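In UniProt numbering, the protein residues as written are 1 to 198.
Yeah, the Cβ is synthetic: ideal placement off N, Cα and C, and Gly gets one too.
All figures in this text were calculated on a predicted structure; none of them were measured in a lab.
Okay, so here's the structure we're looking at.
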């Protein structure tokens with residue numbers, strides 16, 4: 001589920017020094033082969049859809065910070081590899097057929113729990129995007145017209161269940177939000193990536 005991103009953390013001098021020390025320790029462990037790159041984050045876990053999530057994914061180059069569609073960047077980006085391909089397709093199709101993307105209002109990676117819960121959001125693993133959030137606020141329903149919803153359905157159909165739209169949530173709607181709906185080991189991931197790459 002997506003909700004509004006929390007502001008970026010600002011590091012003070014102490015946090016910067018502690019982070020630098022932890023980074024040096026991590027580099028030393030990596031050089032000896034003792035560091036598991038999937039558990040080395042200061043805070044980590046698994047997001048709702050089963051993907052690894054950590055607060056240091058940008059620093060570890062797991063996030064494509066150049067992620068953009070229709071000339072609009074998504075601050076903080078999206079997870080590299082398959083998520084970039086699939087969510088990139090969704091964002092491009094949204095821009096071309098639903099409505100032009102605008103900033104501010106398009107977001108991606110953000111390590112945090114879901115609003116009102118403790119479970120990690122799919123944004124925390126870099127496997128979710130928000131499109132034009134101010135026009136489609138969290139909790140609002142019916143922010144898209146019928147023709148736009150038809151186009152969203154076409155995008156979802158093409159993705160064969162690998163992408164879920166927040167407008168389809170049973171509870172609180174989140175119409176700005178699109179997320180990977182299967183885990184990293186699902187055979188659907190490679191199939192849709194190949195389909196997109198054509």
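Nearest candidate by alpha-carbon position, reference residue 66, set 79, 115, 99, 142: 79
Simplified DSSP state of residue 46, which is helix, strand or coil: DSSP, read as helix, strand or coil, puts residue 46 in strand.
Bridge partner(s) assigned by DSSP for residue 94: Residue 94 is not bridged to any residue.
Residue 155 versus residue 61 - alpha carbon distance: 28 Å
Helix, strand or coil at residue 114 [DSSP, three-state]: coil
Separation of residue 86 from residue 198, as counted between CA atoms: 12 Å
Endpoints, beta strand (DSSP E) assigned at residue 180: 177-180
Residue environment, residue 175, which counts as buried when at least 16 other CB atoms sit within 10 Å: buried
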